[in-house]
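Protein chains in written order, with this note's numbering: chain G, 640 to 991; chain V, 640 to 991.
No residue lacks a Cβ here, since even glycine has one placed at the ideal position from N, Cα and C.
Beneath this line is the structure, given in structure tokens, with notes to follow.
There are 2 protein chains.
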Amino acid sequence: MHRIDSTVISPSSTALATLGEFGLIARIASGTRSGAGVVTGIGDDAAVTALSPGMQLLTSTDMLLEDVHFRRRWHDPYRLGRKSLAVSISDIAAMGGIPRWALLSLAIPPDIHLDFVDEFMRGFLAMASEHAVTLIGGDTCSSRSGVTVSVTLLGEQLPEQIIRRSGALPDDDIWVTGTLGDAALGLRLVEGLTVCSSDPREPVVEEAGPLLHRLLDPVPQVIAALALAEAGVATAMIDVSDGILADFGHIAEQSGVGGCLILDDLPLSPDFCSHTARLSTVPYQLVLSGGEDYELCFTAQPACREKIVDCMKKCGIAVTRVGIVTRSPGVTAVNRDGSQHIAQTEGFDHFT
Amino acid sequence: MHRIDSTVISPSSTALATLGEFGLIARIASGTRSGAGVVTGIGDDAAVTALSPGMQLLTSTDMLLEDVHFRRRWHDPYRLGRKSLAVSISDIAAMGGIPRWALLSLAIPPDIHLDFVDEFMRGFLAMASEHAVTLIGGDTCSSRSGVTVSVTLLGEQLPEQIIRRSGALPDDDIWVTGTLGDAALGLRLVEGLTVCSSDPREPVVEEAGPLLHRLLDPVPQVIAALALAEAGVATAMIDVSDGILADFGHIAEQSGVGGCLILDDLPLSPDFCSHTARLSTVPYQLVLSGGEDYELCFTAQPACREKIVDCMKKCGIAVTRVGIVTRSPGVTAVNRDGSQHIAQTEGFDHFT
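Below, the structure is given as structure tokens:
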């Protein structure tokens, strides 16, 4: 795309304006390597790739906007680069797919320091390398207002191993990997928000380190997802990006079922617990609807419990049974003793 | 991606804030249809598609930013929607590829009128329908500053029919479809810029209609590209988005050759000629480096001339021989009589 406006220019000697668009593309391309299935990578009108025999193509895309999804004040460019790819890897993993090829579009204010781009790319390519993903293309342009990142990730999988949202059945167990609520709590601390109305203390960012790291540098659960796909045990799966209440809600809706989550069973990290220990109640809003967990939520028949525990143990991934699928629609979260009862909210919404 | 900032909210009753993110996704998805090769479309963590037997995957992505690539003042949402997809279709076509599946990410200020989104999607889906492209996924989020559009388009082609930038050989002819410079002239008129320094008159937007339409609603040359791919006559190909001087420059660089364009032979439209007739010279800067032509530039052996003319005639596409590939590097544009001589510039650059 040609730019209509030639005024978006900065004279800074360490800024992108000096390097230029083609210099930036060359700089980005220089860090990429050839990868499995890549026939023609960066540098033509389109990338050319070849799927593995018998596999279908999986495609997912995510857009990250400065001051909407992240702040440069607390998101260092290295971890921002990592996360920009990680969120898409998490989507491909949630289908049981093998991540393969990425496209990265960057809109950057022209006065931004080159170090930012270099560190961003170092993080992006480190995440790519960890998951054998090859960067095959993208787009760069100047921005008038902040950094915008758009990533499209292509993956592949055998048709019979792809796991959709739509396969959950009544009486299936609901499972989740890892722990929930850490990133949401980290965000509240770093943004200076109260954890809940009964705890209006000032945040201490330093001590939020491990929680904040969950927010800034999420780990997509690819190994666990591929193990579940190969074992053929999950009836439905999704990644928890908007909170388990909303995301299991998508499984429920697309499977034509409902579900009940047991609040006492939701997995919490030691850091989460120590930070919220002084509160009169566990801030379940963060655990259920905080978002950015990037864990896997999946359903499976009760007969598969042992197999699932073994399978996840082999991957070194913690997994917890947190509820059951119900025939009646709607999702609720309850305490075992009935002392709390939360009905499904709308989950996170970008416009309302 | 979860949003960190809950303040990007508007109370307008006809705005996105009312509909909400999931309402918007449902609204967008409602206009899409199932298409060839689509196994699972919008609504899961990733789309699932199946390539046609023996074909390789082509992938291209483009980002369009408000007030960088377009202005809402003169780009109506219907044609903006069409163009957002057309520029990516043009990229896939330039590889000789068949466009198949699109992903659309939209960042929109929450106070934007719903009519804008509806009209944008009507245009996007009309362009998709004209080229048998299916919308299979995307992302939506609120924006603090203007509309951002990111499109990824997937295509496919048999390996032997894919045309790259790197195959041009010395003494090949250089060809271009259609006419050049119309969109660039239309942009100068609508933006109130002088056409060239010797003609500082005020623009008259109404009379710029056909030129402006080339800018706002470009036609990707898919039929011509697929005919060339099938005929096996083009040694290299690119779409002209940054001006033929820069874009043929990419062919030259990647093929390890140079080229000479004949200024007198560059194809100009009647509208372009009538608008520039009063000038003392043809404003070749617009023709060579104006950008946004979305025509095909390709190279072919002189022995293929008749075949190319026949092939393009069958498609109803005008095609013009505009120069020759040289063994020595560098691209120049000259008049037949030697009265003008333009060496390759850097072409359009987003940051310098």
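Chain-ordered neighbours of residue i on chain V, where CB pairs are closer than 8 Å
i: Gly794/G; result: Ala685
C-alpha gap between residue i and residue j, whole angstroms
i: Gly977/G; j: Ala746/G; result: 50 Å
i: Cys899/V; j: Ala765/V; result: 39 Å
i: Leu697/G; j: Arg917/G; result: 45 Å
i: Val772/G; j: Leu724/G; result: 10 Å
i: Leu808/V; j: Gln924/V; result: 26 Å
i: Ile890/G; j: Ala875/G; result: 7 Å
i: Thr915/G; j: Val921/G; result: 7 Å
i: Phe887/V; j: Leu742/V; result: 29 Å
i: Glu769/G; j: His714/G; result: 21 Å
i: Gly895/G; j: Asp812/G; result: 15 Å
i: Leu824/G; j: Phe911/G; result: 7 Å
i: Ala847/G; j: Leu819/G; result: 15 Å
i: Val961/G; j: Leu902/G; result: 8 Å
i: Arg739/G; j: Leu793/G; result: 6 Å
i: Val815/G; j: Glu758/G; result: 33 Å
i: Arg975/V; j: Val926/V; result: 17 Å
i: Leu690/G; j: Gln796/V; result: 13 Å
i: Val707/G; j: Gly785/G; result: 10 Å
i: Ile667/G; j: Gln940/G; result: 46 Å
i: Ala873/V; j: Asp821/G; result: 56 Å
i: Arg718/V; j: Ile956/G; result: 49 Å
i: Val756/V; j: Phe763/V; result: 10 Å
i: Asp932/G; j: Leu854/G; result: 8 Å
i: Thr938/G; j: Ala732/G; result: 15 Å
Nearest-angstrom beta carbon gap, residue j and residue i [assumed within contact, 8 Å]
i: Ile728/V; j: Pro859/V; result: 4 Å
i: Pro906/G; j: Thr959/G; result: 4 Å
i: Leu663/G; j: Thr787/G; result: With a Cβ gap of about 15 Å, Leu663/G and Thr787/G do not count as contacting.
i: Gly930/G; j: Asp881/G; result: 5 Å
i: Val829/V; j: Thr700/V; result: Contact doesn't hold; Cβ gap of about 27 Å is too wide.
i: Gly1065/V; j: Ser744/V; result: Residue 1065/V falls outside the range modelled here, since chain V spans only 640 to 991, and no answer is possible.
i: Cys950/G; j: Ala870/G; result: 5 Å
Per DSSP, the bridge partner or partners of residue i
i: Ala686/G; result: Thr698/V
i: Glu705/G; result: Phe709/G
i: Phe937/V; result: Trp814/V, Met876/V
i: Cys899/G; result: Ile963/G, Thr971/G
i: Ala982/V; result: Thr971/V
i: Asp677/V; result: According to the sequence displayed, residue 677/V carries Val and not Asp. BP columns for Val677/V point to Thr688/V.
i: Ser789/G; result: Met702/G, Ser744/G
i: Asp778/G; result: Ser744/G
i: Gln893/V; result: Gln893/V is not bridged to any residue.
i: Gln796/G; result: Gln695/G
i: Thr773/V; result: Trp740/V
Closer than 7 Å at the beta carbon, the chain G residues around residue i
i: Ala665/V; result: Here the premise fails: no neighbours, minimum Cβ distance about 11 Å.
i: Arg803/V; result: Thr679, Asp683
i: Cys943/V; result: Within chain G, no residue comes near Cys943/V; the closest Cβ sits about 21 Å away, beyond 7 Å.
Per-residue contacts from residue i into chain V (C-beta, under 7 Å)
i: Gly776/G; result: Thr698, Ser699, Thr700
i: Ser789/G; result: Met702, Ser744, Ser789
i: Leu690/G; result: Leu690, Leu696
First and last residue of the uninterrupted alpha helix (DSSP H) at residue i
i: Glu769/G; result: 753-769
i: Pro849/V; result: 848-855
i: Asp976/V; result: Segment: none, Asp976/V is in no alpha helix (DSSP H) and carries neither H nor E.
i: Glu869/G; result: 861-870
i: Leu824/V; result: 821-829
i: Met951/G; result: 944-954
i: Leu724/G; result: 716-733
i: Leu905/G; result: Segment: none, Leu905/G is in no alpha helix (DSSP H) and carries neither H nor E.
i: Leu927/G; result: 923-928
Partners in chain G for residue i, counting only beta-carbon separations shorter than 8 Å
i: Met951/V; result: The contacting residues do not exist; Met951/V stays about 19 Å from chain G at best.
i: Gly736/V; result: Ala685
i: Asp730/V; result: Asp684, Ala685
i: Cys780/V; result: Met702, Leu704, Val707, His708, His989
i: Ala733/V; result: Asp684, Ala685
For residue i, the first and last residue of its enclosing beta strand (DSSP E)
i: Arg739/V; result: 737-747
i: Arg960/G; result: 958-965
i: Asp910/G; result: Counting along the chain, Asp910/G falls outside any beta strand (DSSP E), though it belongs to the alpha helix (DSSP H) covering 909-915.
Proximal residues of chain V, C-beta to C-beta of residue i below 9 Å
i: Arg783/G; result: Leu704, Glu705, Asp706, Val707, Ser784, Gly785
i: Ile877/G; result: Asp683, Asp684
i: Gln893/G; result: Gly682, Asp683
i: Cys936/G; result: By Cβ distance, chain V contributes nothing, its closest Cβ being about 11 Å from Cys936/G, past 9 Å.
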